[in-house]
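Novice: Supplied in structure tokens, the structure appears directly below.
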Amino acid sequence: MIDIAIRGAQIVDGSGRDRFVADVGIVGDKITQIGNVGQANVEIDGTGLTLSPGFIDPHSHSDFTFHTNPDNESSVHQGVTTEIVGNCGFSSAPLSEVSVPFTEKRLKNYAYTGEVTWRTFGEYLSEMERMKTSTNFAFLIGHNSLRLAAGIMGEEKVSDDQLKGMKNFIEDSMEAGALGLSSGLEFAPGSYSTSAELKDIITAVGKYDGIYASHVRNRDSEIFDAINEFVDITRAGGVRGQISHFNVRHDSNAPQNAWRRAVDIMENAQKAGLDITADTTPFREGIGAMYAILPRSLVNEGARAIAEACANPASRRELRTQCDRYWRFIHKGQWHRVYLEGSPNFPELQGLSFPAIS
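For the sequence shown, my numbering gives the first residue as 12, with consecutive numbering after it.
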């Protein structure tokens, strides 16, 4: 007798063949029979339901939350069994003593109050194994996290030693099992980086046949420059490339037919021999950090300076004219499009639009 039988489900097996109805038998953690299945200890009626292998989510940020929620129900309930994390330039490893406080603060925002005991990518992966998360994870190295680990805090010129340090971090992480490098170029600190910096460090990923996944630098007025930069970086490293959540911002000053023309750039790169693709999202909203609305010069001054500027009526009036293009709809007064995703100090306001909060 087998352990579990799922009866009469419509099966989509991922092979590309037509869907079909059959029984599925499971022993332990393996599928052992598909077709006519005998008696089982547990019987599940799959009539009218679809059964398929688990989905792979190629762009996830569950690494922010699995420290406090290893069961990861929000993914499991959607049929996701494997997630690619470390996206948009942020990963929780590798770390240096300089960058540990930044990671501690970010994880604390997602209710993690434990210690950050790991430093290398290998130590981080060992910590994940110990946690026994419900879903499988594969990890990218975050470019922003690399910069912080190398002691690059703002717009200052990156030294040769810092470039070498980032490449050493990459090689050590790839040896430990990282898939490749991610970047987040539309917000700090990734927005401070140059194409030359990225072309330099991506060569370390190319040594290991890795992948480059990028939240590109612009998705409205300068989208073509951003896509071309992505193509150039991918070519420089001899790596596969993935554009993250590819889209054109709604109600922006993007060029006419920007989406189609951006796709043409990617298709031409493919014809030239590059292995590049893109993923996209089927929902209207996207998460972002509120500090990204502020001018870089103010962000560089730190949290205290930001708080003082926001508390001063004259400074607030000036800031309203300087908001970053990443949040251009706020400059247009479209606050109804902004929702508070999380606030440890004001949990009762989470999920509300800013007009509702006011």
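We treat Cβ as the ideally placed atom computed from N, Cα and C, and that holds for glycine.
What's the C-alpha gap between ARG130 and LEU106?
Specialist: Taking the sequence shown and counting its residues from 1, the one referred to as residue 130 is at position 119. Taking the sequence shown and counting its residues from 1, the one referred to as residue 106 is at position 95. Rounded to whole angstroms, ARG130 to LEU106 spans 5 angstroms at the Cα level.
Novice: For the candidate residues PHE241, PRO112, ARG327 and ASP236, whose alpha-carbon lies nearest to that of HIS226?
Specialist: Position 215 of the sequence shown, counting from 1, holds the residue named residue 226. Residue PHE241 is the option with its Cα nearest to HIS226.
Novice: On the criterion of 16 or more Cβ atoms from any shown chain inside 10 Å, does GLN4 qualify as buried, or is it exposed?
Specialist: Absent from the model: residue 4. The displayed extent of the chain is 12 to 369, so no value can be given.
Novice: Mapping the DSSP letters down to three states, classify GLU54 as helix, strand or coil.
Specialist: Indexing the sequence shown from 1 puts residue 54 at position 43. Three-state result, GLU54: strand.
Novice: Roughly how many angstroms lie between the CA atoms of VAL111 and ILE15, to the nearest whole one?
Specialist: Here residue 111 is taken as the residue at index 100 of the sequence shown, counted from 1. Here residue 15 is taken as the residue at index 4 of the sequence shown, counted from 1. For VAL111 and ILE15, the distance between alpha carbons rounds to 45 angstroms.
Novice: Apart from the five residues just before and just after ALA149, which ones in its own chain have a Cβ nearer than 6 angstroms to its Cβ?
Specialist: Within the sequence shown, residue 149 is the residue found at index 138, counting from 1. Cβ within range, chain order: ILE95 and LEU190.
Novice: Would DSSP call SER225 helix, strand or coil?
Specialist: Taking the first residue of the sequence shown as position 1, residue 225 is located at position 214. Note: SER225 maps to strand in three-state DSSP.
Novice: Taking 8 angstroms as the threshold (C-beta atoms), are GLY344 and ILE287 in contact?
Specialist: Counting from 1 along the sequence shown, the entry for residue 287 is found at position 276. Counting from 1 along the sequence shown, the entry for residue 344 is found at position 333. Not a contact, by the Cβ cut-off of 8 angstroms.
Novice: Using only CA atoms, which one of ARG260, GLU359 and ALA320 lies nearest to GLU296?
Specialist: Counting from one through the sequence shown, the residue named residue 296 turns up at place 285. Residue ARG260 is the option with its Cα nearest to GLU296.
Novice: Given a cut-off of 8 angstroms, decide if VAL35 and ILE45 are closer than it, judged by their beta-carbon atoms.
Specialist: Start at 1 with the first residue of the sequence shown, and residue 45 comes out as number 34. Start at 1 with the first residue of the sequence shown, and residue 35 comes out as number 24. Yes, they are a contact pair.
Novice: Go through its chain and collect everything with a Cβ distance to VAL53's Cβ below 6 angstroms, but skip five positions before and after it.
Specialist: Taking the sequence shown and counting its residues from 1, the one referred to as residue 53 is at position 42. Taken in chain order, the residues that qualify are ILE15.
Novice: Would a C-beta distance cut-off of 8 angstroms place GLY100 and GLY153 closer than the cut-off?
Specialist: Numbered from 1 along the sequence shown, position 89 holds the residue referred to as residue 100. Numbered from 1 along the sequence shown, position 142 holds the residue referred to as residue 153. Cβ distance < 8 angstroms, so GLY100 and GLY153 count as in contact.
Novice: How would you call THR146, buried or exposed, if buried means at least 16 neighbouring beta carbons within 10 angstroms?
Specialist: Taking the first residue of the sequence shown as 1, we reach residue 146 at position 135. Classification of THR146: buried, given that the 10 Å Cβ count is 16 or more.
Novice: Using 8 angstroms as the threshold, is the C-beta distance between ILE222 and ILE244 below it?
Specialist: Counting from 1 along the sequence shown, the entry for residue 222 is found at position 211. Counting from 1 along the sequence shown, the entry for residue 244 is found at position 233. Not a contact, by the Cβ cut-off of 8 angstroms.
Novice: Thinking C-beta only, is TYR121 closer than 8 angstroms to THR76?
Specialist: As a position in the sequence shown, residue 76 is number 65, starting the count at 1. As a position in the sequence shown, residue 121 is number 110, starting the count at 1. Their beta carbons are under 8 angstroms apart, which means THR76 touches TYR121 by this criterion.
Novice: Alpha carbon to alpha carbon, how far is GLY188 from GLU312? Give it in angstroms, no decimals.
Specialist: The sequence position of residue 312 within the sequence shown is 301, counting from 1. The sequence position of residue 188 within the sequence shown is 177, counting from 1. Their backbone Cα atoms lie some 36 angstroms apart in a straight line.
Novice: By the three-class DSSP mapping on this structure, what secondary structure does GLN173 have?
Specialist: Along the sequence shown, read from residue 1 onward, the residue named residue 173 stands at position 162. It is helical.
Novice: How far does the beta strand (DSSP E) with SER194 in it reach, from first residue to last?
Specialist: Position 183 of the sequence shown holds residue 194. That run of the beta strand (DSSP E) goes 191 to 195.
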